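All remarks here apply to the structure that follows.
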Amino acid sequence: NKLSDFRDGTSNTIMISEILGFDHDNDCRGCWGRVAGCVFSAHTLSVSDQWIATPNADSRISLNLRDCPVHCLGAATWPYECADCSGDGDQGGNAARSEHPGGVNACLADGSVRFVGNSIDKLVWRGALTIKNRETTMLP
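Residues in the sequence shown are numbered from 16 upward in steps of one, following my numbering.
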């Protein structure tokens with residue numbers, strides 16, 4: 016995309032967030048050489064905010080959110096409750112995760128970095144991950 020494509024503004028659009036990986040051969044998250052490891056998502060399948068995964072949210076309430084190693088391998092020893100297995104392991108994305116208390120660091124399209132709290136409104140979070148919805152809401 017070109018900067019002119021960011022209709023929400025580069026200072027209102029999140030491009031990169033922290034994600035947590037797991038020391039397991041089948042965990043591709045955080046691996047810049049693999050496409051799946053480069054993507055994080057608020058994962059919503061409808062206009063409902065029911066399935067939006069805010070930073071460090073418990074992914075077990077989110078339908079088909081793959082926030083664990085492929086097909087949930089090794090999940091019994093998962094160190095973070097919020098990253099427990101959910102869904103069928105075949106679709107979904109990686110949610111924003113960190114070990115920081117209260118939120119995650121996220122880089123915006125303008126190059127600035129913000130700490131985004133776990134309690135961010137779901138619709139504000141989803142809006143911050145889009146470039147063309149023309150939301151007027153700004154990140155806290």
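Yeah, the Cβ is synthetic: ideal placement off N, Cα and C, and Gly gets one too. Since we're looking at a predicted model, the values are computed, not measured.
Ala-143 versus Met-153 - alpha carbon distance: Between Ala-143 and Met-153, the C-alpha separation is close to 8 Å.
Buried versus exposed, by CB contacts within 10 Å (16 or more), Ser-134: By the 10 Å Cβ count, Ser-134 comes out exposed.
Residue range of the alpha helix (DSSP H) that Gly-118 falls in? Segment 118 to 123 is the beta strand (DSSP E) holding Gly-118; no alpha helix (DSSP H) there.
Reduced DSSP category for Gly-132 - H, G, I as helix; E, B as strand; rest coil: Three-state DSSP puts Gly-132 in a strand.
Excluding five sequence neighbours on each side, which residues of the same chain lie with their C-beta closer than 6 Å to the C-beta of Ala-111? Closer than 6 Å at the Cβ level, and outside the excluded window around Ala-111, lie Ser-32, Phe-55, Pro-70 and Val-119.
Starting from the C-beta of Gly-48, find all residues in its chain whose C-beta is less than 8 Å away, skip the five residues before and the five after it, and write them out in chain order. Per-residue confidence for Gly-48 stands at a pLDDT of 42, beneath the threshold of 50, marking its modelled position as unreliable; no derived number is given.
Taking the straight line between their C-alpha atoms, what separation do you get for Val-2 and Val-139? The structure shown does not extend to residue 2, since the chain spans only 16 to 155, so no value can be given for it.
Please work out which residues of its chain come closer than 8 Å, Cβ to Cβ, to Ile-146, disregarding the five sequence neighbours upstream and downstream, and give them in chain order. These residues qualify, in order along the chain: Asn-16, Asp-20, Phe-21, Arg-22, Asp-23, Thr-28 and Ala-124.
May I ask you to report which of helix, strand or coil DSSP gives Ser-26? Ser-26: helix per DSSP, three-state reduction.
How would you write the range of the alpha helix (DSSP H) that Gly-142 sits in, first residue to last? From DSSP, the alpha helix (DSSP H) with Gly-142 extends over 137 to 143.
Assigned exposure category for Arg-141 - 16 Cβ within 10 Å defines buried: Under this definition Arg-141 is a buried residue.
So for Ser-32, helix, strand or coil by DSSP? Here Ser-32 sits in strand by DSSP.
Reduced DSSP category for Ser-19 - H, G, I as helix; E, B as strand; rest coil: Note: Ser-19 maps to helix in three-state DSSP.
So the candidates are Lys-137, Asp-136, Gly-126 and Ser-113; which of them puts its Cα closest to the Cα of Met-30? Measuring from the Cα of Met-30, the nearest candidate turns out to be Gly-126.
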